[in-house]
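Residue numbers (full-length UniProt numbering): 1 to 768.
Okay, here's the thing in structure tokens:
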């Protein structure tokens with residue numbers, strides 16, 4: 001599993017396209033992993049179409065073991081390098097890291113790794129589930145989109161706490177000459193009895209009096225209401241058909257409906273915020289350390305920035321990249337099982353928007369959100385205090401200072417799993433960006449020495465041939481011999497230290513034996529608790545007088561050993577404070593050992609929780625994979641059959657005609673989200689004349705897109721030599737990985753809209 005995607009990984013007996021060069025690539029990836037500066041240089045120049053593979057290579061493959069301190073340190077060092085360069089190039093703190101680049105996606109992917117996912121589950125799963133269970137909850141406060149499903153209840157009663165809204169009841173009104181039939185879903189849970197009785201009484205009164213009050217609230221289904229009215233009343237709608245935001249906001253019923261929803265939003269946002277603030281110490285070290293780097297680097301780069309602006313940068317990462325994606329799409333991490341309705345998705349988006357604006361210190365741009373500004377201002381200092389606690393972590397060097405020593409004691413070679421195209425991408429980027437990572441043209445650069453014999457980078461292989469292989473991260477070269485020498489020095493150092501420290505350990509054992517000896521009167525400890533030397537001397541005299549030879553020998557050896565040690569440190573052995581210092585060092589070491597044991601147990605608990613979270617998520621993704629596989633199998637099976645379900649004859653098989661779309665059509669339906677104008681200029685085409693032909697390949701999983709533009713006399717010319725290839729299974733994987741964009745040479749496509757398009761026009765089984 002990598003990047004949240006379970007793939008069927010075919011382990012190859014041969015190295016395929018790497019044949020004859022696998023050892024060189026192993027050396028190359030070995031050097032790149034040990035020296036993060038190279039990948040850090042590449043990160044700033046990765047093209048959009050390669051971002052997904054580059055992020056996966058760095059975060060999930062090269063440094064994929066998040067419980068290996070060494071890999072974690074190297075990855076964080078890489079982040080430190082790319083962040084520093086980003087700050088050096090930044091001109092404005094307000095726009096820093098707002099673009100969706102390889103760097104921001106790496107930071108996002110890092111936050112979604114197993115340990116971070118486990119923490120998110122602890123913090124957010126419960127409030128999200130509580131909120132999603134309220135299936136008819138509607139928190140829309142945009143006057144143009146306000147729904148009327150809770151009109152009666154919310155207009156007549158003050159807002160109730162979220163947990164009251166459970167049970168749904170439907171109330172229908174009949175059509176009379178003066179009224180319109182409206183079925184409206186009410187949010188009546190099991191509220192306090194007086195509310196329920198009040199509503200019952202009010203409802204009965206309305207029915208008995210046959211007075212029907214119709215509250216028409218301007219919403220996105222406004223046209224549906226008009227159509228229903230005109231169909232049932234057999235006359236034109238006499239009201240405003242397309243109200244503006246200002247007109248909708250002035251509607252008297254909208255004015256009565258929105259304030260209770262604002263109160264509910266504040267209540268829910270308060271609940272989310274409280275859980276986030278209370279669990280600050282559970283956030284993984286790496287994420288907190290990145291936040292600390294953002295704060296410290298921002299302070300140095302923008303010395304005039306106030307603490308709210310600095311906090312806005314920290315909030316931009318911890319909320320935008322860590323918390324909010326899970327709040328908006330909880331089903332993607334298996335926090336909820338069922339598909340969310342559009343209304344519930346909108347509810348979650350509104351909560352996320354409130355928390356995001358609170359975290360980054362930016363005012364609401366939408367006028368309808370201004371009513372929540374007082375709540376944001378109320379919690380402004382709370383979130384700043386949270387950021388201060390969040391970044392209060394050790395320096396990276398202090399936390400992992402022994403990793404370099406421990407690295408040389410490892411005997412087993414490390415290995416990673418990586419695909420052919422990922423390897424070729426790294427090779428291609430290194431060649432293309434040589435001046436970035438080797439600005440001085442150093443011919444002795446270790447990466448350059450490996451690249452020269454490798455030659456040019458191979459072309460990417462087809463998706464079906466892009467297997468994943470094992471790469472052993474090791475190499476036999478001068479650097480390796482130096483590492484072996486360093487390993488020997490490290491082992492010699494520890495051996496010598498152990499011999500030298502033998503006397504100290506023996507003395508400590510003697511002192512420990514005396515202190516724990518039950519024969520020694522406890523009153524001595526109280527009398528001489530401020531002086532170890534006086535205590536040992538008094539116990540020695542006592543042992544001599546009472547014939548305790550074993551205690552006497554221990555005291556003599558302890559006093560002599562401590563004196564010898566003090567003299568070796570150029571101290572005065574007659575000074576009683578020196579004896580106390582000897583003991584104090586020992587006590588501090590014991591305390592430190594206990595602290596490390598406690599931290600170790602805490603880490604074990606965190607790893608176990610992360611393991612359970614990863615296992616649950618892997619099972620969820622495994623079921624998704626099975627569903628996709630079954631889906632594709634059904635497509636392939638149906639493709640073999642004719643329209644009537646009979647088996648197709650090979651000779652009678654007809655190829656489906658390409659489906660044609662204009663550029664404007666794909667823009668309108670949201671399939672195209674971006675266009676590379678430079679490529680467009682080189683092809684001498686223009687937007688209005690572009691036509692896209694989608695057709696199916698030999699394999700039902702494969703599609704191709706041919707781009708043409710019209711010229712004179714109805715002729716059409718393709719600006720590209722070959723059609724673009726699409727893999728439906730790859731698109732489904734990208735959707736599961738929350739990758740929203742699919743990059744072609746000239747245009748960027750929306751993954752989910754593209755899947756819908758292919759489903760609609762090519763798949764007999766309907767939408768996924």
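We put the beta carbon where it would ideally sit given N, CA and C, even for glycine.
Under 9 Å between C-beta atoms of residue i and residue j
i	j	result
residue 666	residue 692	yes
residue 124	residue 275	yes
residue 468	residue 57	no
residue 549	residue 543	yes
residue 359	residue 312	yes
residue 675	residue 757	no
residue 357	residue 369	yes
residue 283	residue 317	no
residue 295	residue 277	no
residue 453	residue 24	yes
residue 109	residue 59	yes
residue 532	residue 565	no
residue 288	residue 390	yes
residue 817	residue 447	Because residue 817 is not part of the residues shown, which for the chain are 1 to 768, the question remains open.
residue 117	residue 617	yes
residue 261	residue 138	yes
Inter-residue Cα distance where the pair is residue i and residue j
i	j	result
residue 761	residue 659	8 Å
residue 259	residue 269	15 Å
residue 162	residue 264	Since pLDDT at residue 162 reaches only 37, below the 50 mark, its modelled position is unreliable, and no value is offered.
residue 323	residue 759	32 Å
residue 135	residue 732	28 Å
residue 552	residue 567	23 Å
residue 709	residue 663	10 Å
residue 96	residue 436	22 Å
residue 479	residue 30	Confidence in residue 479 is poor, its pLDDT being 44 and thus under 50, which makes the residue's placement too unreliable to answer from.
residue 337	residue 329	12 Å
residue 540	residue 505	20 Å
residue 73	residue 746	38 Å
residue 156	residue 371	With a pLDDT of 38 at residue 156, under the threshold of 50, the modelled position of that residue is not reliable, and no figure is offered here.
residue 141	residue 707	43 Å
residue 545	residue 518	17 Å
residue 395	residue 611	27 Å
residue 267	residue 384	20 Å
residue 534	residue 576	8 Å
residue 232	residue 143	26 Å
residue 386	residue 596	26 Å
Buried versus exposed call for residue i [16 or more other C-beta atoms within 10 Å across all chains shown]
i	result
residue 279	exposed
residue 374	exposed
residue 561	buried
residue 52	buried
residue 604	exposed
residue 511	buried
residue 319	buried
residue 587	exposed
residue 601	exposed
residue 62	buried
residue 701	buried
residue 120	buried
residue 172	Only weak support exists for where residue 172 lies, its pLDDT of 34 falling under 50; the value from the coordinates is given anyway. Answer is exposed; the Cβ neighbour count stays below 16.
residue 50	buried
residue 508	buried
residue 547	exposed
residue 615	exposed
residue 66	buried
residue 554	buried
Closest by C-alpha distance to residue i, when choosing among the options
i	options	result
residue 26	84, 696, 414	414
residue 33	77, 509, 342	77
residue 38	70, 257, 695, 82	82
residue 730	110, 611, 742	742
residue 20	455, 572, 521, 739	455
residue 739	18, 44, 55	55
residue 529	302, 508, 554, 583	583
residue 432	43, 102, 569	43
residue 466	381, 704, 130, 421	421
residue 40	698, 331, 22, 103	103
Beta carbon proximity, residue i to chain C, threshold 9 Å
i	result
residue 416	In the structure shown, chain C cannot be found, because there is only a single protein chain.
Check whether the region 347 to 360 and the region 735 to 755 are in contact - that is, three or more C-beta pairs closer than 8 Å. Counting Cβ pairs under 8 Å, fewer than three are found: no touch.
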